[in-house]
Every structure is written in structure tokens, then in C-alpha cells.
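Residue numbers (our numbering), protein chains in the order written: chain C, 1 to 303; chain W, 1001 to 1237. All C-beta atoms, glycine included, are put in the ideal place defined by N, C-alpha and C. Have a look at the structure below before the remarks.
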Amino acid sequence: MQTFLNALFTGGSRGAIYALVALGLVLVWRGAGLINFAQMGQAMFSAYVASTLITKGFNYWVAFFAALIVGAILGAAIDILVIRPLKKKSGTAILGSPSMRDAIPVIASLGILGILQSVAGMIWAGSERGFPAPVSTVALKVGTNTMPFTFFDLFTIGVVILILIATSLFLSRTSVGLAMRASALNSEVARLSGIRTRSIRTLGWIISGAVASVAGLLVTPATNISPSSLDLILIIGFTACVIGGLDSLLGAVVGGFLLGFVIAFISAYDLPEDIFIAIFLILIGIMYVRPQGLFGSQVSRRV
Amino acid sequence: MLQIKNISVAYDSVQAVDQISFTAEKGRITTVIGANGAGKTTLLRTISGLITPKSGIITWSGREIQGMRAENIVRAGIAQAPEGHSVIAELTVEENIRMGALFRLRTNRADVSTAIAECYELFPRLHERKSQKAGTLSGGERQMLAISRALVSRPELLLLDEPSLGLAPLIVEQIIDTVSILCREKGLTVLLVEQNANTALAIADHGVLLALGKVVADMPAAQLRADESLRAAYLGY
């Protein structure tokens, strides 16, 4: 029973982080139509900034919000400095071909990941460093009973749920949210309606960068930071949003939690080596039954 | 007044629009007719800023607008209801209409609700269906929605791309009548692109006939309508 509860809560808090990563990927996908492989590089970079601020004696929350801002700025910079110019260049045969037009920005994002990792390595000398949690990471005690979760687990789940609610309210209730949805669904009609789709797309990158940075900060107390420490989380987060349906925020969240539980239960009851086999089987199974993902829209909007 | 001077547009190496010139007078309905592939839609997309012309000048209210971005063309007072009754199926009717007025929220918030209410008055069926997803609407309702979305931006020039396409004659008549009323009563300038030449020429003041990307006739609509040789040669009836 104890093992089960342990796995349940670990799965919940890890799943919450995967859900955030997946959410960040979906936000960029919906706006720009590409998977941003640099996302966790941005998060790693901002986690290093936060860690540096904390070692300089700043408060955790100052560092936390600084990391969000760094993540957001990196997101905007990637869109404005790399993706936009790439989209404009269609003069050559390779850049002009329809299949490459979609692939090139993705390859560029991988390149940015490499750059961020090496720059972080140069600045922080590639050292792994620990990272504090804002609240206790020791199992909670109620009376004499040790609970199967830590206060930090609850904090993580709470932060993630707060971000999810805020994001969905923003998208469904505000004018800018409507502009974001419209641009993602049909950018031509959006432009004819006077929506500045380029700026709206950049806003997607900004929110995505900030959200990914939160995921990075929440995961580092458990793993330490190094330039490549968040790569694995990106892969799981990416799988989560493919399972959930690339264009669905809800799907990203469900996919994230699903993988969190799968990983936690397999670690608890089976060998950790089996984790990736299980993830792979789930991915293939869902792709076979519902190629558009659990919550993805039936018709691809890019047709 | 919209003035088009020697506009040329090419896709890859195909000349879609070749040295087109004409004028759409203020407060009038000008129709651009022609067979499929004559370059009508390309011309409209060039005016609304979705396509940058290879050469030529488009003047709107004394200002050159060719090559301006579509989102700024709307701000200059030109709104397009695109071809194929284009609305966003996943958004509700109300969201689709509001979308056209988002850019005016900061400058004239009060008028946005007035403009939306006016659209509902114009097309009561949209009001009945305002919380429905636009994807559930019929073709005619979608066209009404596309026009409403264009109207809430308070345009001075309305570009309509084949509003009759695939619609029942009764609905076409209703939509065309509404457009005609908007023009006569509110002084809206309309540029109507149509394959259905008879319907378009019946309400238009001026007609421009395109064939293979070139202007072959530019005259009062009644005159164009009466010219049997032009009709036989280019419209096939």
C-alpha cells in the first residue's frame, strides 16, 4: 500500500512537470507549427540564472521570477532572431520546397538547443549544481504517520494546476487569447481580421518560454542542473503532447500526467529499465488507435 | 476611391494578373467578373495585402497601399470577406464576429459592441446561433458570418470574394440585397468579385470583365450586361 501511494504521488508531481513541458510545446506548435526542441535548453539556461542568483544571496522567489523572465526573453529572441528570418527566406530551392519549409525551423531549434547548452557550459563551466526547493522535500508527517508525499510534491502540483487554469482562462476569456486561438486555427482569416499574427506568435513563444522555465525550476531540486540535464524531460514532454494531441492544451496535460504515473508505477513495481519500453508501447498503441492523439482535432489544420 | 494601376502578380512563372487597371468609385458597387482562373481572387488578395504584387500601384484614399501587410490594410479601412465563406469553424459565431473588431478594442471599445449588435440586426440568424461553433453553420450562414466579421471592423471598402459560390439562389438574393442596402444606405464602397455575372451585374454600378489576367471590358454595369458579344465571348451564355 505504501509503495502504491508513493508511486501515486511521485507520479502526480513528476506528471505535473511533464504536463508543463508539454504545454509549452503545444503553445509554440499551435502558433508556429513547429516542435521547439530548444525549449528545455531555454529552461536549463534560466535555471542556471536562478541558481546563480540564489548563490549570490537572492531570495528564492526573486530567482524564480528572474528565471521566468529569462525564459520568456529567450522565447521571444528565438522567434524574432531565428524563426521569423527563416520563414522569410524562400529564395533557394531547399528553403522553398514545401516539405523543407516545415522541417527547417525544427532543425534550427535543435541548433539553438546546442548553442544554449554550450554557452551555458562556457559560462557555468559545465558544473552540475544543486538547486534549492522553496519548501521542504522531506516526506510530510501528520502526527506520527509519514505521508507518501513531500510538501514540495504538493507545491509542484499546485503550481502546475494554477498555471493550467490561468492559461486556459487567458485563452478562452480574453481578447488576446481569442486572437491567439484565431491565429493558430487560421492565420489568413486572422490577418484579414486585423490580428497581428506575427506578434501573437511571438507572444506564444514568450508564454511557452516562461512555462518551460517553471518546469525547469520545479524539476531541478530533484536532478541538479547541468547543461544537458533537462534533455530527457523534453523527450518525455514531447511524447506526452503527441499522446495528448499536439494542438490540445488539455491533451498535453493529460498526456503529461499519464506518463508521470506510468513512470512512477514502473519504477515502483518493475525495473526502471522498462520505463522507456512502456512509454514507447503506449505511444505506438495510441498512434495506432488515434493518430491525432487523445484530444487532437480530427482534421489536420495544416492541410 | 480605390485606384488600381498596372497591377501584375505572378505565381512562380505564371502571370496570374497582368497589368490590370481600373477604379472603384466611393459609395458604389463595382463588380469584377470573369471565368474561373481569370485572376479575380488573386486581384482581391492583392488588394487586401495577402499577396504582394510584382509591379503596379494601388491607391486607396490618396495613399499607396500595395505591399502593405494585410493586418494594416484592415486598419486602413479595407475589409475582405474571403472566398469559400471562410470563417473559423472551431470558434463560435460570436467569437468569429468579435475577431474582426479586436484591433479596435483599444481605440473604440464602446463602438465594438454597437458594431456587433448591428451585425445581429442585419443577420438575425447569426444572433440565434451566436454560441454555436461556426463549423455547424450552413453555407449561407457562413457567408453572412464572413461578411459580419468584415463589417465589425467598420470598413469603408468591402471586398467580397464570390459570395454566391455554392449557395441556393434564394440565399444569394438575400445576401446580395443586404450588400446593396449597405452600399446605398451607409455609403459603403463595395468591390464584388463574382463568377455569377448576371447576379453581380444586376446590383453593380460598374463592371470590370477579366479574362486570363487582363481587363477586357471596363464600363457601366448596365452597358456590360447589355453587350451580347462580350457575354458570348467571355462568359459563355
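What residues in the stretch 1030-1054 of chain W have a beta carbon less than 7 Å from any beta carbon of chain B? Here chain B cannot be found, since the structure's protein chains are C and W.
Candidates L217/C, G245/C, S187/C, M1/C, of which the one nearest I35/C by Cα: For the residues L217/C, G245/C, S187/C, M1/C, the minimum Cα distance to I35/C belongs to G245/C.
Chain C contact for V1074/W (CB, 8 Å cutoff): It does; some Cβ of chain C falls within 8 Å.
With a cut-off of 8 Å on the beta carbons, I'd call S1148/W and V1074/W a contact; round off their distance for me. That belief does not hold up - the Cβ atoms of S1148/W and V1074/W are roughly 14 Å apart, past 8 Å.
To the nearest whole angstrom, what separates the beta carbons of T1199/W and I1176/W, a pair I think is in contact under 8 Å? That belief holds up - the Cβ atoms of T1199/W and I1176/W are roughly 6 Å apart, short of 8 Å.
Between the beta-carbon of M1001/W and the beta-carbon of T1031/W, is there less than 8 Å? For M1001/W and T1031/W, no; Cβs fall outside 8 Å.
Candidates F9/C, A38/C, R14/C, G11/C, of which the one nearest W205/C by Cα: Distances from the CA of W205/C to each of F9/C, A38/C, R14/C, G11/C were compared; the closest alpha carbon is that of A38/C.
Selection from L1160/W, T1178/W, G1062/W, L1105/W that minimises the alpha carbon distance to E1121/W: Closest option to E1121/W, Cα to Cα, is T1178/W.
Partners in chain C for P1082/W, counting only beta-carbon separations shorter than 8 Å: Those within 8 Å of P1082/W in chain C are E188, V189, L192.
Threshold first: 4 residues or longer. Then list the alpha helix (DSSP H) segments lying entirely within the stretch 92-144 of chain C, N to C. Segments of the alpha helix (DSSP H) lying fully in the stretch 92-144 of chain C: 93-96, 98-124.
Which chain C residues are close to A1016/W, counting only those with a beta carbon under 8 Å from its beta carbon? Correct list: empty, because the minimum Cβ distance to chain C is about 17 Å.
Closer than 8 Å, CB to CB, is S267/C near chain W or not? No, S267/C lies away from the interface with chain W (no Cβ there is under 8 Å from its Cβ).
Could you give the residue range of the beta strand (DSSP E) that holds Q1019/W? In this chain, the beta strand (DSSP E) harbouring Q1019/W covers 1014-1024.
By a C-beta neighbour count over all protein chains shown, 10 Å radius and 16 as the cutoff for buried, is N145/C buried or exposed? Result: exposed.
Helix, strand or coil at F149/C [DSSP, three-state]: In this structure, F149/C counts as strand in the three-state DSSP scheme.
Among I1078/W, G1077/W, K1186/W, the one whose alpha carbon lies nearest that of E1118/W: With respect to the C-alpha of E1118/W, the residue from I1078/W, G1077/W, K1186/W having the closest C-alpha is K1186/W.
CA-CA distance, Y18/C and F276/C? Those two C-alpha atoms are separated by around 15 Å.
Could you name the residues that DSSP lists as bridge partners for R1231/W? Beta-bridge analysis with DSSP links R1231/W to no other residue.
Taking only beta-carbon positions, decide if A32/C is within less than 8 Å of chain W. Output row for A32/C: interface = no.
Taking three-plus beta-carbon pairs below 8 Å as touching, is the stretch 219-230 of chain C in contact with the stretch 128-138 of chain C? Touching, yes, given that three or more Cβ pairs across the two stretches are closer than 8 Å.
Would you call G194/C buried or exposed, if buried means 16 or more other Cβ atoms sit within 10 Å of its Cβ? Looking at its Cβ environment, which holds 16 or more other Cβ atoms inside 10 Å, G194/C is buried.
Please report how far the alpha carbon of T1052/W lies from the alpha carbon of G1034/W, in whole angstroms. Within the model, the alpha-carbon separation for T1052/W versus G1034/W is close to 22 Å.
Within-8 Å CB hit, R290/C to chain W: It does not: the Cβ of R290/C has no partner Cβ on chain W nearer than 8 Å.
Taking A1070/W as the query, report the chain C residues whose CB atoms sit under 7 Å from its CB, ordered along the chain. Neighbours of A1070/W on chain C, chain order: R191, L192.
Buried or exposed by the 16-neighbour rule on C-beta atoms within 10 Å, applied to M1099/W: With 16 or more other Cβ atoms within 10 Å, it is buried.
Suppose the cutoff is 6 Å on Cβ atoms and the five residues either side in sequence are ignored; what does the same chain contact list for L234/C look like? The residues are M40.
Take every Cβ of the stretch 149-161 of chain C, pair it with every Cβ of the stretch 7-25 of chain C, and state whether three or more of those distances are shorter than 8 Å. Yes, since at least three Cβ pairs between the stretch 149-161 of chain C and the stretch 7-25 of chain C fall closer than 8 Å, the two stretches touch.
Can you tell me whether T174/C is buried or exposed? The criterion is at least 16 other CB atoms within 10 Å of its CB, across all chains shown. By the neighbour-count criterion, in which 16 or more other beta carbons inside 10 Å mark a residue as buried, T174/C falls on the exposed side.
Give, in chain order, every residue of the stretch 1088-1104 of chain W whose Cβ lies closer than 7 Å to some Cβ of chain C. Correct list: I1088, E1090, L1091, E1095, R1098, M1099, G1100, L1102, F1103.
On the premise that A1079/W lies in contact with A1146/W, defined as a C-beta separation below 8 Å, what is that separation, rounded to the nearest angstrom? Separation of the CB atoms of A1146/W and A1079/W is rounded to 10 Å, and the pair is thereby denied contact status at 8 Å.
Should the stretch 1002-1014 of chain W be regarded as contacting the stretch 1043-1061 of chain W, the criterion being three or more beta carbon pairs within less than 8 Å? Yes, the stretch 1002-1014 of chain W is in contact with the stretch 1043-1061 of chain W.
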